[in-house]
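Chains as they are written, first to last, in the working numbering: chain A, 2 to 232; chain B, 2 to 406.
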Amino acid sequence: MLSMEEVSKSYPHRGQAVKALGGATIHIPAGDFVSIVGPSGSGKSTLLLMLGGMLSPTAGRVLLKSESIYDLQSAGRARLRRENIGFVFQTFNLVPYLTAQENVQVPMFLAGMEGEAQAERSAALLERVGLGDRLDHKPAELSVGQQQRVALARMLANDPAVILADEPTGNLDPETASQVIGFFEEFNQEGRTIVMVTHDPRAAARARRTLRLVEGRIVDESHGNNALHIA
Amino acid sequence: MKLRTLVWREMFERKSQMLTCFMAILLGITAVVSIKNVTHYSEKAVARELDSLGANVLVLPKSVTLQDYYSADMHDEVIPEEYVMRLTMSDIEGVDNLSPKLNVPVEVGGRKFAFTGILPKSEFQAKAAWAGAGIFSRPMGCGAIDVGGEPEPEDKKTIVRKRVIKDLGSHEVLIGSEVADLQGIAEGDSLTLLGEPFSVIAVLPETGTVDDSRIFGHLHTVQRLAGKGEVVNCIEIVGCCKEIAAGLVGGVNKLLPDAKVVTVKQVVATQQNVNGTMERVSLIFLIIIVVVGGAGIANYMFSNVYERRREIGTLMALGAESGVVLRIFLLKALLLGLAGGVGGYVIGTTIAVTLGPQLAGVPVLPMPVLALWGVGISVGITLVASYIPARRAAGLDPVATFQEV
Ligand SMILES: Nc1ncnc2c1ncn2[C@@H]1O[C@H](COP(=O)(O)OP(=O)(O)OP(=O)(O)O)[C@@H](O)[C@H]1O
Ligand SMILES: [Mg+2]
Chain A
2 MLSMEEVSKS YPHRGQAVKA LGGATIHIPA GDFVSIVGPS GSGKSTLLLM
52 LGGMLSPTAG RVLLKSESIY DLQSAGRARL RRENIGFVFQ TFNLVPYLTA
102 QENVQVPMFL AGMEGEAQAE RSAALLERVG LGDRLDHKPA ELSVGQQQRV
152 ALARMLANDP AVILADEPTG NLDPETASQV IGFFEEFNQE GRTIVMVTHD
202 PRAAARARRT LRLVEGRIVD ESHGNNALHI A
Chain B
2 MKLRTLVWRE MFERKSQMLT CFMAILLGIT AVVSIKNVTH YSEKAVAREL
52 DSLGANVLVL PKSVTLQDYY SADMHDEVIP EEYVMRLTMS DIEGVDNLSP
102 KLNVPVEVGG RKFAFTGILP KSEFQAKAAW AGAGIFSRPM GCGAIDVGGE
152 PEPEDKKTIV RKRVIKDLGS HEVLIGSEVA DLQGIAEGDS LTLLGEPFSV
202 IAVLPETGTV DDSRIFGHLH TVQRLAGKGE VVNCIEIVGC CKEIAAGLVG
252 GVNKLLPDAK VVTVKQVVAT QQNVNGTMER VSLIFLIIIV VVGGAGIANY
302 MFSNVYERRR EIGTLMALGA ESGVVLRIFL LKALLLGLAG GVGGYVIGTT
352 IAVTLGPQLA GVPVLPMPVL ALWGVGISVG ITLVASYIPA RRAAGLDPVA
402 TFQEV
């Protein structure tokens, strides 16, 4: 589904290159649930953004459904994100002046979905994450955990095959965090491929497998209890 | 969710900053629209005056300076009525009519009006016929000035159009529309002025000039009531055609060396000057809104883009192409421009219609074409000023917007 071939990334910083990722090769089959762990500054977010077509690598290729995504124009990558990828952020990144329902409608609007269908689908998605009674609330009128659930509903808006989450539980209390990971497990069971960056070992353990990054290199791979066995 | 919803919601989320720069545009358009509107009607009035009165010449006391043709007789200086006779008996060519006037202030129902004495045409004709000579015996053949419209029947109201009336009794009056409205006077009523009874033989149609607040009576009656002797404030010479007006001035000057002789062209020159100044003022306002309003909008848009960079990054992560981001900001600019243009037109027109008559002395009506102008200028400015900020938003690096907290 998703793969990286010898991908490295250096950020230019005051005339010098800061190496964030060095020669990473990863294969993530469809239906996988990968957690990425590692110390701060080890390049986890960098890796995730490159998987999502948001950040072009300095070298190497990133493939989604065997299409090299950085060989596309930026409009092509935007379409690819719209159709295939759902992002979840640590800070949720909800649009503050829109209601929960409208936030969920944004990706549908971007995909050109018609108004009535948007309203119906967004209500159903919010219902699914347990916010059926909070459609008209703005982010500031929701608890932190509820905000992340709105973000989950928004991520599902265009029924993405791939979910990329950067510390989705970083701002949540353990109970809410566990609930969010529960949703991820559910999404994974539906066949979605998930890559989740996390600092939380308990969250990481619930993935099928875990990649450890240290100083921009994948140093270790361990399998969780429910590992997906691939040839 | 539509692009519109997104833009609309954001605009009302953070109103205060937007209002400041919106006000600059709104006030600018208001000023331009109101000035243009008043100037237009003032110019039209000048053109109308030139057209309908272009052939006329005023004979005034030397010391009088005048601003407005219609109130040329509204002053305290006088010239002898005998000048009328001198003109009548002269060999000046191209005069259709003479209209001497004398004013005396009167109070009707607690309000002050001008009681204006005029000399009916029949009296000159009688004199001229008696003298067997004079200006009326040599008509130029171009007749009275016709300002268009249906030919009105020859009645008392011709004073309005032709500045002259055929017959008028010593205790008959014609009253202006404003006097009639304010005092509830109708044709056939009687009226006491300065202790004498008068019968109202006609209520004149509205003209939009000072004539509306006049009461016209016989010159000799007004002279007697004023107690100043056989004098007038002004003599209006109705020339037969425009071409003759300039030549007329020379002849009248020679004939009446102690009077001031003024053509309508000279009278309206002041107003034309004022209009020219207003034209320049509105141009200055236009430059101010383009510069100040444009800079304000651009500044606001830049800070708006900066504030919303995380939101923009999120939209891009959700699959928005840069064109969508560009459109979000341009649509916002368009809405601001539309609101500024429409609002400026409405306020500017209201100001022009209510204050214009007092400032320029002409009735002012709304001009729909100015709505197009207002909206066009306003939208043009906001779009141009927002283009670079919008481009910057569309070109934001979404990753950079996530990294800062
Ligand atoms: N825009 C940038 N310019 C320069 N250097 C950068 C930039 N973004 C990231 N880096 C560097 O790249 C390295 C990897 O950063 P990255 O954000 O991927 O780390 P991370 O593993 O996500 O860390 P954390 O767990 O703290 O989020 C870091 O050393 C960081 O300093
Ligand atoms: Mg990170």
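Where a beta carbon is used, it is the ideal one built from N, C-alpha and C, also for glycine.
field: Within chain A, partners of residue 10 of chain B - CB distance below 7 Å
entry: For residue 10 of chain B, the neighbours in chain A by C-beta distance under 7 Å run, in chain order, 98 and 99.
query: Which stretch, first to last residue, makes up the beta strand (DSSP E) that contains residue 192 of chain A?
result: In the DSSP annotation of this structure, residue 192 of chain A is not part of any beta strand (DSSP E), being labelled neither H nor E.
query: So residue 404 of chain B is in the alpha helix (DSSP H); what residue range does that whole segment cover?
result: Its alpha helix (DSSP H) spans residues 399 to 404.
task: Tell me, please, whether the CB atom of residue 44 of chain B is closer than 8 Å to any CB atom in chain A?
output: With 8 Å as the cut-off, residue 44 of chain B does not count as an interface residue toward chain A.
query: Rounded to whole angstroms, how far is the Cβ of residue 295 of chain B from the Cβ of residue 386 of chain B, which I believe are closer than 8 Å?
result: Separation of the CB atoms of residue 295 of chain B and residue 386 of chain B is rounded to 4 Å, and the pair is thereby assigned contact status at 8 Å.
Under 9 Å by beta carbon: chain B residues contacting residue 233 of chain A: Look at the range of chain A in this structure, 2 to 232, and you will see that residue 233 of chain A is not part of it.
message: For chain A, check one thing: does any of its Cβ atoms lie closer than 8 Å to the Cβ of residue 334 of chain B?
response: With 8 Å as the cut-off, residue 334 of chain B does not count as an interface residue toward chain A.
Contacts around residue 318 of chain B, its chain only, beta-carbon distance under 7 Å, and the 5 residues preceding and following it disregarded: Once the five neighbours on either side are set aside, the close Cβ partners of residue 318 of chain B are 399.
message: Would you say the beta carbon of residue 35 of chain A is closer than 7 Å to some non-hydrogen atom of ligand 1?
response: For residue 35 of chain A, the distance from the CB to the nearest heavy atom of ligand 1 is not below 7 Å.
message: Suppose you measure from the CA of residue 37 of chain B to the CA of residue 395 of chain B; what does that come to, to the nearest Å?
response: A direct Cα-Cα distance of roughly 38 Å separates residue 37 of chain B from residue 395 of chain B.
Contact set between residue 321 of chain B and chain A, taken where Cβ atoms lie within less than 7 Å: Listed along chain A are 79 and 111, each with a C-beta nearer than 7 Å to that of residue 321 of chain B.
Any heavy atom of ligand 1 nearer than 5 Å to the CB - residues listed: Matched residues: A:12, A:14, A:19, A:21, A:41, A:42, A:43, A:44, A:45, A:46 and A:47.
query: What are the boundary residues of the alpha helix (DSSP H) that residue 336 of chain B is part of?
result: Per DSSP, the continuous alpha helix (DSSP H) segment holding residue 336 of chain B begins and ends at 323 to 361.
Rounded separation between residue 179 of chain B and residue 217 of chain B - CA only: The straight-line gap from Cα to Cα measures roughly 13 Å.
- prompt: Is any beta-carbon of chain A found at less than 8 Å from that of residue 400 of chain B?
  reply: Taking Cβ atoms only, chain A reaches closer than 8 Å to residue 400 of chain B, which makes this a yes.
- request: Say yes only if the C-beta of residue 167 of chain A is nearer than 7 Å to one or more non-hydrogen atoms of ligand 2, and no if none qualify.
  value: Result yes, Cβ under 7 Å from ligand 2.
message: For a cutoff of 8 Å on Cβ pairs, would you count residue 103 of chain A as touching chain B?
response: Residue contact with chain B for residue 103 of chain A: present (Cβ-Cβ distance below 8 Å to some residue of chain B).
query: Can residue 106 of chain A and residue 2 of chain B be called in contact, C-beta distance under 8 Å?
result: At a Cβ-Cβ threshold of 8 Å, residue 106 of chain A and residue 2 of chain B count as neighbours.
message: Distance cutoff 8 Å, beta carbons only. Does residue 188 of chain A sit that close to anything in chain B?
response: So no, residue 188 of chain A is outside the interface.
Residues near residue 111 of chain A in its chain [Cβ-Cβ closer than 6 Å; skip 5 each side]: These residues qualify, in order along the chain: 83.
message: Once the 5 residues before and after residue 56 of chain A are set aside, which same chain residues still bring their CB inside 6 Å of it?
response: Contacts found: 50.
- prompt: Which whole-angstrom value describes the C-beta separation of residue 257 of chain B and residue 87 of chain B, a residue pair presumed to lie in contact below a C-beta threshold of 8 Å?
  reply: At roughly 7 Å, the Cβ-Cβ gap stays under 8 Å, so residue 257 of chain B and residue 87 of chain B are in contact.
query: What are the start and end residues of each continuous alpha helix (DSSP H) run of 4 or more residues lying completely inside the segment 200 to 274 of chain B, in chain order?
result: Here the runs fully enclosed are 220 to 227 and 243 to 256.
- prompt: With respect to the beta strand (DSSP E) encompassing residue 108 of chain B, which residues constitute its N-terminal and C-terminal limits?
  reply: Segment 96 to 109, the beta strand (DSSP E) holding residue 108 of chain B.
query: When you check each C-beta in the segment 208 to 221 of chain B against every C-beta of chain A, which residues fall closer than 8 Å?
result: Interface annotation for the segment 208 to 221 of chain B against chain A: empty, criterion Cβ-Cβ distance under 8 Å.
task: Using a Cβ-Cβ cut-off of less than 7 Å, give me the residues of the segment 26 to 50 of chain A that come near chain B, in sequence order.
output: Under the 7 Å Cβ criterion, the segment 26 to 50 of chain A contributes 50.
Three-state secondary structure (DSSP) of residue 17 of chain A: Three-state DSSP puts residue 17 of chain A in a strand.
- prompt: Mind checking residue 102 of chain A: buried by the 16 CB within 10 Å criterion, or exposed?
  reply: Residue 102 of chain A should be labelled buried.
- prompt: Does the segment 358 to 370 of chain B come close enough to the segment 295 to 305 of chain B to have 3 or more Cβ pairs within less than 8 Å?
  reply: No, the segment 358 to 370 of chain B is not in contact with the segment 295 to 305 of chain B.
- request: Note down, one range per segment and in chain order, each alpha helix (DSSP H) of at least 4 residues found wholly within the segment 42 to 79 of chain A.
  value: Entirely contained in the segment 42 to 79 of chain A, the alpha helix (DSSP H) runs reaching 4 residues are, in chain order, 45 to 52.
- prompt: So, helix, strand or coil for residue 128 of chain A, using DSSP?
  reply: Residue state, collapsed to three classes: helix.
query: Would residue 231 of chain B pass as a contact of residue 44 of chain B if the rule is Cβ separation under 8 Å?
result: Their beta carbons are not under 8 Å apart, which means residue 231 of chain B does not touch residue 44 of chain B by this criterion.
message: For residue 85 of chain A and residue 159 of chain A, I'd like the C-alpha separation in whole angstroms.
response: In a straight line, the C-alpha of residue 85 of chain A is about 8 Å away from that of residue 159 of chain A.
- prompt: At least one CB of chain A closer than 8 Å to the CB of residue 318 of chain B: is that the case?
  reply: True, the Cβ-Cβ gap to chain A drops below 8 Å.
Beta bridge counterpart(s) of residue 164 of chain A as assigned by DSSP: DSSP output for residue 164 of chain A lists A:87 and A:195 as bridge partner(s).
task: Taking the CB atoms as reference points, tell me whether residue 324 of chain B and residue 35 of chain B lie closer together than 8 Å.
output: For the pair residue 324 of chain B and residue 35 of chain B, the CB atoms are not nearer than the 8 Å cut-off.
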